[in-house]
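Here the sequence shown stands for residues 456 to 655, where the numbers follow my numbering.
Positions of the beta carbon are idealized from the N, C-alpha and C atoms, including for glycine.
Report on one structure; see the data block that follows.
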Amino acid sequence: MNHSLHNYYALHARIYDATRWTFLFGRERILHRIATVSQPTRILEVGCGTGRNLRSMQRIFPNAEITGVDLSIDMLEIAKRKTSGVRLIQQAYNAPMVGSFDLVLFSYALTMFNPGWEQAIQAAKANLTPDGLLAVVDFSHTRSATFRRWMGMNHVRMEGHLWPETSTSLEPIINERIPAYAGIWHYGMFIGRNAAQTAC
456 MNHSLHNYYA LHARIYDATR WTFLFGRERI LHRIATVSQP TRILEVGCGT GRNLRSMQRI
516 FPNAEITGVD LSIDMLEIAK RKTSGVRLIQ QAYNAPMVGS FDLVLFSYAL TMFNPGWEQA
576 IQAAKANLTP DGLLAVVDFS HTRSATFRRW MGMNHVRMEG HLWPETSTSL EPIINERIPA
636 YAGIWHYGMF IGRNAAQTAC
């Protein structure tokens, strides 16, 4: 993690949960949509942050073994206080982890992996079990240059660049772009099945 991003998370970890609900849309919705097609028993969340999704997944998938990985120790300290029975790991996710998972989730993480988002997606695909799911909910794109610059100052890239890569070698189950705030920007929701490995 570069120095500016480390400082960003050190500051925002304290206010993350109190502020992000106003614009990080779809986080709970994607978990419920996953539950309609699968009941994963081994789950990895990449960029798990303060543990909001980890706690929701414990409720929605009560029989799952859940692992959260994040580069920010400040975010993980909060996640540790908010969850129990979850494995938390501090590291970059630029290569597959040991083990395999029925579900790999990225929730508003990949658009901040600059560089590194492509490596993270490829690592996730390699970490999937046959028939496992990759799920992504994240910012997508905006037509407003001013908003794009403002998001860039917050380390978020909004160019719709994630979705072609997520679809490669996976069977899309859900692949949507959804307008927010009257279309000022869009977020995306993707769930794909590891059909390529299933066919091997």
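Check	Outcome
Sequence-distant residues of its chain with Cβ nearer than 7 Å to Thr496 (five each side left out)	Asn518, Ala519, Glu520, Asp557
Local Cβ density within 10 Å of Asp525, reported as buried at 16 or more and exposed below that	buried
Inside the region 553–628 only - alpha helix (DSSP H) runs reaching at least 4 residues	572–582, 600–608, 617–622
8 Å CB neighbourhood of Gly481 in its chain, flanking five on each side removed	Val592, Ile633, Tyr642, Met644
Beta strand (DSSP E) segment containing Val524, residue limits	520–525
Assigned secondary structure, Leu479 (DSSP; H/G/I helix, E/B strand, else coil)	coil
One or two residues paired with Ile501 in a DSSP bridge	Here residue 501 turns out to be Val, not Ile, going by the sequence shown. The partner list for Val501 (beta bridge, DSSP) reads Val524, Phe561.
Beta-carbon spacing of Leu560, Asn508 below 8 Å	yes
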